[in-house]
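Each number in the numbering used here comes from the position in the sequence shown (counting from 1) with 5 added on. Cβ atoms here follow ideal geometry from the backbone N, Cα and C, with glycine treated the same way. Structure first, then comments.
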Amino acid sequence: MASNTVIGTATLFLSRKGESLQSLYERYKIRCGYHFDLSNIPLIVLNYDNVQSPKEEPIVSECRGLVLELDTWKVVARGMTRFFNQHQQLNNGSRQDLQQQPPQQLDASSESLAPNQANNPVAFNYSNFSLEVKEDGTYIQLFHYRGEWMVATRHNFCEDFCGGGTDTNRMTYRELFVAACGGLELNDVCKDLDTSYTYCIELCSPLNQVIQTYDQKVIYLLTVVNTQTGEELAIDQVDAICLKLRKRKELKSWKRPRRFDHFSSKEQAFEFLKNYFTNEEAGQNSMSIEQRLRVEGFVMRDQNNQRLKLKNPYYLMIHKMKYRGWIQADPKLLVPFVLFFEDYKSSENTGKDHGTGKKQVCDDSATCSSSFHLSNSNTSTSLINIMKNFYECDFEMEQLQKRYNYCATILEKEFKQLVSVWKEISAEKDVMSHNILEQLPQSLKSRTKLFPLCETMLQQFASSENQDTKHLLSIHALEQVMKNNCDLILSQLFSSQQQVASFRSAVLEYDKSHPPHYCIPNKKKFKIPNSGLASKKPYLEKQTNQYKVQCFCGKPMVLKRLKRDFVQYRTCHCGAAFDTMTYKVGTLLWVCSSYPECLLNHMAHQMDEMFSDEKIQYFKGQPLGIPSSELCKTMRLQIHEIMSILMKKNNWKKSYCYALMASWLNVDKSQAHVALFSIETCLFIIQKFLDEYSGIY
């Protein structure tokens, strides 16, 4: 057994004089989640930031869901240390052998690529490693503390609600884990387990779906780690633990990830990833096109328990569009799917409904656009259909569809030009001549931006020993060359400044005549339909110690922690959209229970995890003020915009702005919170700011 971590790095840091959780965050961007019952269970969970945390630091690698006891900083649970995406430089080989998507798509994950191995204490051993299927659920650590077995994600102690289910029938991750164990409580599940180890699992089910789908609740035992030393049990030992658990009828859902052994080079792993989805020996032929696109990939694991992620590039692109929102759906992410589903062909020729992206009949399509050569014949799968599973409201789907259609239309237009040019070339009598390219007139070459694909076709034709010239010169062969050259298509059709500007202009619903900020409202002409406030103020129900919040529409609101970025247009009270705003993943937000019929939401107090005073548990999720109508919310946002401008211009603190508003309203400062304002109050405050301070707009 080999240790794969620097033992106690976080403990040593926090034990130093003058260091704290705050300084840990400031230096390494390591975030802290507190146990929801902190007075009885003084535990915290530490996790690095995917983007901001320095990837070379051992303390960052250690803090991948590291559970510590508060103040003593004793390690209570530790799992696998941080591991990275394999540098997937597959496009260095033959395009005929490995049709790799360009690096831009491969980097679409929120996870970072591995740091330079020359700087790593223990480099990955490519001469002897295995591949494990990377299951796509929620990473959970099962551990023992003070006589009780507990569970934690990388961010909290499983008290958070899963993304699936209805608002009246939601399950926490802890409840989902118990359900997956046949209803057994944790102490019963773990009665035969060694308390000195942390058990790392992937919890998969329809209720916590990421990208890949699971019909049933499954618990994958990934590894078992000595909590104090960081050493992992051998693979066969972990297999034995899982097998013993499965002998109990309630624990049949426990499994081990499928494993493939005896790899001795990264090229072997790349080839295996390419073939996995169609290889009969891998038993994957029953997978649908959509299922293959959703597969996350593999974990590469060497004999020293060093790991790398080997990701499916299509998974990465879908993942980014789901979790970063429709605003991220640019040509770099969309064009590979347009090529894959052949949505660049005109609908009258292919039987496709170009408006919906649904494919009705396509007998000629034998292979896909990716390195995986997926068959895409006779299927109704499309990117739009896949994303419907992730975008709940019509607005998001409309924005994605608009972007997808733009890319498909550009490609369709260029494909027609390309086909026209290619037909003329292939009709030449001396098409087999080695200097055919030199003989072609410049006027023909300039008719399509994708003429380099014709050059590729001719080069393949000249070097091929295949006597089937009809096939080599066919439109179908041209389509395959298109699919193999996504990077060239992107560079020729979507990458120049003018092309990028055209895309943004076509897909963003901005009013070009509107300034990049809110209008100055004319109070005399402004019609106030109502106060803009919900009829009932939020209140804390003593019996349940939970807040009861009513939407402006009259329906109850539900507190949710966003599982993905939620992107909306920033719309002025005049009705014009002039920007976008994003509620980031992890944000606590009160959402109308009738969503997506009612799209109103209301901000909650966010638990600042860097402060451990006792108020944190009382204010987590507390609604900010009173829910409002969309118009009232817009007015409130304009006040915040004005405050930001003045704070930056005059070096003010926010408290000074609140003091000003309290004096204007003749109320206590606590009653001058913008989230309490009605439409009429907002109009009054906006006008006061504009009257008192010139040059705001």
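The region 646-657 / the region 603-612 touching (three or more Cβ pairs under 8 Å):
Pairwise C-beta distances place the region 646-657 out of contact with the region 603-612, as fewer than three of them are shorter than 8 Å.
Can you find a CB in chain B that lies within less than 7 Å of the CB of Arg452?
You won't find chain B in this structure, because it holds only one protein chain.
Measuring only the C-alpha atoms, how far is Ile494 from Thr585?
Near 29 Å, if we compare the C-alpha coordinates of Thr585 and Ile494.
Considering only the beta carbon of each residue, do Asn133 and Cys167 sit closer than 7 Å?
It is not a contact, given that the beta carbons lie outside the stated cut-off.
Please check the pair Tyr204 and Leu226, which I expect to be a contact at CB under 8 Å, by giving their CB distance rounded to whole angstroms.
Between Leu226 and Tyr204 the Cβ distance is about 7 Å, and since that is below 8 Å, they are a contact.
Return the CA-CA distance between Lys79 and Tyr396, expressed in angstroms with no decimal places.
Lys79 and Tyr396: Cα-Cα distance of roughly 42 Å.
Rounded to the nearest angstrom, what separates Thr414 and Leu315 at their Cα positions?
Each residue's CA atom was taken as its position, placing Thr414 and Leu315 some 33 Å apart.
Same chain, Cβ closer than 7 Å to Ile525, neighbours up to 5 away in sequence not counted
By the criterion of a C-beta distance shorter than 7 Å, Ile525 is surrounded in its chain by Leu695, Tyr702, once the five residues flanking it on both sides are discounted.
Please work out which residues of its chain come closer than 6 Å, Cβ to Cβ, to Val156, disregarding the five sequence neighbours upstream and downstream, and give them in chain order.
Cβ neighbours of Val156 beyond the five flanking positions: Ile145, Leu147, Cys163, Arg179, Phe182.
Cβ neighbour criterion (16 or more within 10 Å) applied to His578
Counting other Cβ atoms within 10 Å of its Cβ, His578 reaches 16 or more and is therefore classed as buried.
Are the CB atoms of Ser58 and Arg264 nearer to each other than 7 Å?
No, the pair does not count as a contact, with Cβ atoms beyond the cut-off.
In whole angstroms, what separates the C-alpha of Glu74 from that of Pro47?
Their backbone Cα atoms lie some 6 Å apart in a straight line.
Hey, could you find the ends of the alpha helix (DSSP H) Arg261 is sitting in?
It is not in any alpha helix (DSSP H) - Arg261 carries neither H nor E in the DSSP assignment.
Cα-Cα separation between Gly626 and Thr549, rounded to whole angstroms
Using only the alpha carbons, I get a separation of about 14 Å.
What does the alpha-carbon distance come out to for the pair Gln27 and Glu295?
When rounded, the separation of the alpha-carbon atoms in Gln27 and Glu295 is 44 Å.
One question on the structure: do Tyr600 and Leu567 come within less than 7 Å of each other, judged by their Cβ atoms?
Their beta carbons are not under 7 Å apart, which means Tyr600 does not touch Leu567 by this criterion.
Considering only C-alpha positions, which residue in the set Leu593, Leu564, Ala581, Gly537 is nearest to Leu636?
Looking at the Cα atoms, Gly537 is the closest of the given residues.
Selected residue, minimal CA-CA separation from Leu651, among Ser699, Leu681, His678, Pro632:
Closest option to Leu651, Cα to Cα, is Ser699.
Three-state secondary structure (DSSP) of Asn606:
Under the three-state reduction of DSSP output, Asn606 falls in the strand class.
Within its chain, find whatever has a CB closer than 7 Å to the CB of Phe88; leave out the 5 residues flanking it on each side and keep chain order.
Within the same chain, Cβ atoms closer than 7 Å to the Cβ of Phe88 are found at Arg312, Leu313, Lys314, the five residues on either side in sequence being excluded.
Decide if Ser370 is buried, meaning its Cβ has at least 16 other Cβ atoms within 10 Å, or exposed.
Here Ser370 scores only 30 on pLDDT, less than 50, and its place in the model should not be relied on; the value that follows carries that caveat. Around the CB of Ser370, 16 or more other CB atoms lie within 10 Å, so the residue is classed as buried.
Asp307, enclosing beta strand (DSSP E) - first and last residue:
Looking at the DSSP string, the run of the beta strand (DSSP E) that includes Asp307 is 302-307.
Could you tell me whether the Cβ atoms of Ile631 and Ala539 are closer together than 7 Å?
Yes, the Cβ-Cβ distance between Ile631 and Ala539 is below 7 Å.
With distances taken from CA atoms, which of Val343, Tyr53, Ala667 is nearest Cys68?
Minimum Cα distance to Cys68 is reached at Tyr53.
Measure from the alpha carbon of Gly580 to the alpha carbon of each residue in Thr639, Gly559, Gln611, then state which is nearest.
Per the Cα distances, Thr639.
For Asn656, count neighbouring C-beta atoms within 10 Å of its own C-beta (all shown protein chains included) and say buried if the count is 16 or more, exposed if not.
Around the beta carbon of Asn656, fewer than 16 other beta carbons lie within 10 angstroms, which makes this residue exposed.
Taking contact to mean 3 or more Cβ pairs, one atom from each stretch, closer than 8 Å, check whether the region 189-200 and the region 265-279 are in contact.
Between the region 189-200 and the region 265-279 there are fewer than three inter-stretch CB-CB distances shorter than 8 Å, so the stretches are not counted as touching.
Cα-Cα separation, Asp516 to Trp595:
Just so you know, the alpha carbons of Asp516 and Trp595 end up roughly 29 Å apart.
Classification of Pro318 by the beta-carbon crowding that lies within 10 angstroms, buried from 16 upward:
Buried is the call here.
Give the secondary structure of His645 by DSSP, where H, G and I count as helix, E and B as strand, and everything else as coil.
Helix, per DSSP.
Buried versus exposed call for Phe2 [16 or more other C-beta atoms within 10 Å across all chains shown]
No answer is possible for residue 2: the residues shown for the chain start at 6 and end at 702.
Please report the straight-line C-alpha distance between Tyr131 and Ala184, rounded to a whole angstrom.
Approximately 39 Å, taken between the alpha carbons.
For Leu593, tell me which candidate among Ala582, Tyr574, Val563, Val572 has the shortest Cα-Cα distance.
With distances taken between Cα atoms, Leu593 lies closest to Val563.
Which runs of the alpha helix (DSSP H) fall wholly inside the region 467-510 and span at least 4 residues, in chain order?
Secondary structure remark: continuous alpha helix (DSSP H) runs of at least 4 residues inside the region 467-510, in chain order: 474-477, 480-489, 491-498.
Using the beta-carbon count (16 or more within 10 Å), is Asn202 buried or exposed?
Before going further, note that residue 202 is Tyr rather than Asn in the sequence given. By the Cβ-count criterion, Tyr202 is buried, with 16 or more other Cβ atoms from all chains shown falling within 10 Å of its own Cβ.
Any heavy atom of the ligand GDP within a distance shorter than 6 Å of the CB on Glu31?
As for the ligand GDP, it is missing from this structure, which has no ligand bound.
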